[in-house]
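Numbering (this note's numbering), first residue to last: 0 to 153. Glycine residues also receive a C-beta, built at the ideal position from the N, C-alpha and C atoms. Heads up: the structure comes next, in structure tokens.
Structure follows, in structure tokens:
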């Protein structure tokens, strides 16, 4: 069995990382958490829409005489500025989050493969050591679930 990662994250280092995350959250207190339905309902500004938004902002700032008085060009500009700033933050964080996910995947894979090996050896050799109950509990992980079949209706 190949072990792809063999490092630890000591408690003091984990505490430091969690404190840094807390500081980051405190620096961005306005971040929002949307429900899945809210997320689906909002129009998205992707990369293809950014030039359109930027040109619209320039147009609104240069020629706001055609806009209704209720249109807040300042708020529009603030939204664009915040979006751009948050995009910069996300661009810096995304590779870190991806590395975190990848490292968790490798670590989880190593741990799961080791667990399978322990289970295999315990299943083969552990009965004599009185491990039947524990082996049976571990074996529930591999129990197949029956598929519920609905009766066909004519």
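For residue 138, the enclosing alpha helix (DSSP H) covers residues 131–138. Note on geometry: alpha-carbon atoms of residue 1 and residue 42 lie some 46 angstroms from one another. Excluding its 5 nearest sequence neighbours in each direction, residue 79 has C-beta neighbours in its own chain below 8 angstroms: 52, 53, 56, listed in chain order. The alpha helix (DSSP H) runs lying completely inside the segment 47–87 and spanning 4 residues or more are 49–61, given in chain order. Nearest neighbour of residue 137 by Cα position, chosen from 88, 111, 25, turns out to be 111. Within the same chain, no residue comes within 7 angstroms of residue 84 by CB-CB distance, once the 5 residues on both sides are set aside. Under the DSSP assignment, residue 6 falls outside any alpha helix (DSSP H); it carries neither an H nor an E label.
Apart from the 5 residues on each side of it in sequence, residue 105 sits with its Cβ closer than 7 angstroms to the Cβ of 3, 4 in its chain, given in chain order.
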